[in-house]
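All remarks here apply to the structure that follows.
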DNA sequence: CATTAAATGTTTATACAATAAACAGTATAT
DNA sequence: ATATACTGTTTATTGTATAAACATTTAATG
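Residue numbers (the working numbering), protein chains in the order written: chain S, -2 to 258; chain V, -2 to 258.
And the structure:
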């Protein structure tokens, strides 16, 4: 039997605990009372809780309570909390994709991809807190990977090269997403405190980051470039754009060099 | 009073709980019995536990027990577990830096930086699991940032540009570090299982990733490029190198364009 | 149909987790 | 000498994931 001939059920057994659920590979049970909940409902509620109060607020008790059930009832649907977290992660990746662009617009396509995946982090600040235990295997997550590959379809690249580029670009999106999220959080919670005291981390760092010990960082701390002050010349958007354009330039150069050969 | 004139004690109060400890800003207590432990000792033991059994094995009880004390005794040194985690993170950044290179070797310098920070993830697989709550503020962590800025010192870049570049490069290092760690983990634990069954995630994905749903990902899954098979043409090192060279090319292009103007 | 088997959500119980509060002992400042 | 501040411990509280046993409900099977 070749590997391609696995039945969904067989494939499900090879996947980690929660992943099979995400693929809808669990046959609905035949006997017993009708279910009063559904996996989708549980995951949606967990996402709702996390969106509101952060990932640490997501306990089996909290999620079940908000649905009007006991904590233990969730285990009839989901084998463990880790599985629930994986399902939440995949659910956050269930977003509409923009329409396909012509292959020559690959730069714009990759830009859209980065901005779109950054939005996942903004819409679900907890997204980056879920530990990554391996390569993405959830269906929605893989659709995101597929999306990242889409702009590359017309380029003369090997498969490993394509994979490396998506890795590069999506890693960049993750970094920016987390950063953006941190700033959003700071704005939400810290602004008033900062205004009241007139001091914040920057002030502390200015006192601690001595030029002898940190010769290269020191000027950036003093000017506020490190802590991201001066919103005129530095908003997160421009920060994201800068790095992204460098990456795209690097990829373009690679394509040109490859053509020359 | 200008911001630069903060005393260490004043600065300590502005920093989050654990950070002040990392900077050694806590005056040793005058009265009372001699301390039988030290913060460094506690953090070192916590790191040891995490290196051996993962971050989830690090409990106040476990760390204290291994030192021959009770869990509560740790709170005489460290205000909370979150603070301990921050100190662990900073401790992992306490590594020797390579000697400075001449400014024109900035590419090689950045390469060294990326590889060096990736090593932190390899030496401490738990490092990436500690949630990032904001910009780095620990002393060792800031030394790493300073290191990243060092190769840029001779280049004609604005401060925000330098910061963006370090962000770009260190984010890439993080992504690669996590990936490398995942692979190391898989090799440690999963190899035997994979050999026995002859099947792994790849097999499941081959059955699930249909060309209709995943038109661009499908060929990569089939060829094994997605799951990273074929070690000859794809080892992690080459993967890291590929993305890194694109990034460095992009930066170089930026520098050239800036000179032209 | 009657019976069996499987699945439901709940209750109860276990093992840990972080950490607050009260405690007796110890070193220093006054 | 005494008050004060600090030590590490004991005890207790609250919250966590989840295992096991339970009565109940539905469908499959004789």
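All residues carry an ideal CB built from backbone N, CA and C; glycine is no exception.
Since the model is a prediction, treat every value here as computed from it, not as a measurement.
Counted within 10 angstroms of its Cβ, other Cβ atoms place residue i as buried (16 or more) or exposed
i                     : result
residue 4 (chain S)   : exposed
residue 67 (chain V)  : exposed
residue 29 (chain S)  : exposed
residue 101 (chain V) : exposed
residue 94 (chain V)  : exposed
residue 199 (chain V) : buried
residue 208 (chain V) : exposed
residue 14 (chain S)  : exposed
residue 51 (chain V)  : exposed
residue 23 (chain V)  : exposed
residue 169 (chain V) : buried
residue 133 (chain S) : buried
residue 69 (chain S)  : exposed
residue 11 (chain S)  : buried
residue 74 (chain S)  : buried
residue 202 (chain S) : buried
residue 119 (chain S) : exposed
residue 254 (chain V) : exposed
residue 258 (chain V) : exposed
residue 164 (chain S) : buried
Same chain only: Cβ atoms within 7 Å of residue i, ignoring 5 sequence neighbours per side
i                     : result
residue 107 (chain V) : 148, 166 and 245
residue 152 (chain S) : 103 and 252
residue 111 (chain V) : 166, 169, 170 and 241
residue 43 (chain S)  : 55, 60, 81 and 85
residue 71 (chain V)  : 39, 57, 60 and 61
residue 48 (chain S)  : 121
residue 178 (chain S) : 118, 119, 122 and 125
residue 182 (chain S) : 122
Three-state secondary structure (DSSP) of residue i
i                     : result
residue 90 (chain S)  : coil
residue 225 (chain S) : coil
residue 101 (chain V) : helix
residue 134 (chain S) : coil
residue 73 (chain S)  : helix
residue 8 (chain V)   : helix
residue 192 (chain V) : Low per-residue confidence applies at residue 192 (chain V): pLDDT is 41, beneath 50, and the placement is therefore not dependable, though the value from the model is reported in the following sentence. Looking at residue 192 (chain V) - three-state DSSP - the assignment turns out to be helix.
residue 42 (chain S)  : helix
residue 216 (chain V) : helix
residue -1 (chain S)  : Because residue -1 (chain S) sits at a pLDDT of 47, beneath the cut-off of 50, its placement in the model cannot be relied upon, and the following sentence gives the value as read from the coordinates. In the structure shown, residue -1 (chain S) sits in coil (DSSP, three-state: anything other than H, G, I, E or B).
residue 24 (chain V)  : coil
residue 151 (chain V) : coil
residue 35 (chain S)  : coil
residue 29 (chain V)  : coil
residue 258 (chain S) : coil
residue 66 (chain V)  : coil
residue 238 (chain V) : helix
residue 206 (chain S) : coil
residue 168 (chain V) : helix
residue 247 (chain S) : helix
residue 55 (chain V)  : coil
residue 123 (chain S) : coil
residue 106 (chain S) : helix
residue 15 (chain S)  : coil
residue 141 (chain S) : helix
residue 129 (chain V) : coil
residue 117 (chain V) : helix
Beta-carbon spacing of residue i, residue j below 8 Å
i                     : j                     : result
residue 139 (chain V) : residue 8 (chain S)   : no
residue 64 (chain S)  : residue 38 (chain S)  : yes
residue 243 (chain V) : residue 145 (chain S) : no
residue 158 (chain V) : residue 220 (chain S) : no
residue 92 (chain V)  : residue 174 (chain V) : no
residue 87 (chain V)  : residue 25 (chain V)  : no
residue 142 (chain V) : residue 214 (chain S) : yes
residue 41 (chain V)  : residue 83 (chain V)  : no
residue 126 (chain S) : residue 128 (chain V) : yes
residue 160 (chain V) : residue 176 (chain S) : no
residue 57 (chain V)  : residue 31 (chain V)  : no
Beta-carbon contacts of residue i that lie in its chain and below 6 Å, excluding the five residues immediately before and after
i                     : result
residue 89 (chain V)  : 117, 121 and 124
residue 211 (chain S) : none
residue 237 (chain V) : 173
Residues near residue i in its chain [Cβ-Cβ closer than 8 Å; skip 5 each side]
i                     : result
residue 231 (chain V) : Residue placement at residue 231 (chain V) is poorly supported in this model, since its pLDDT is 48, which falls under 50; the coordinates still yield a value, given next. Result list for residue 231 (chain V): 222 and 225, in chain order.
residue 239 (chain S) : none
residue 96 (chain V)  : none
residue 249 (chain V) : 104
residue 113 (chain S) : 92, 94, 95 and 144
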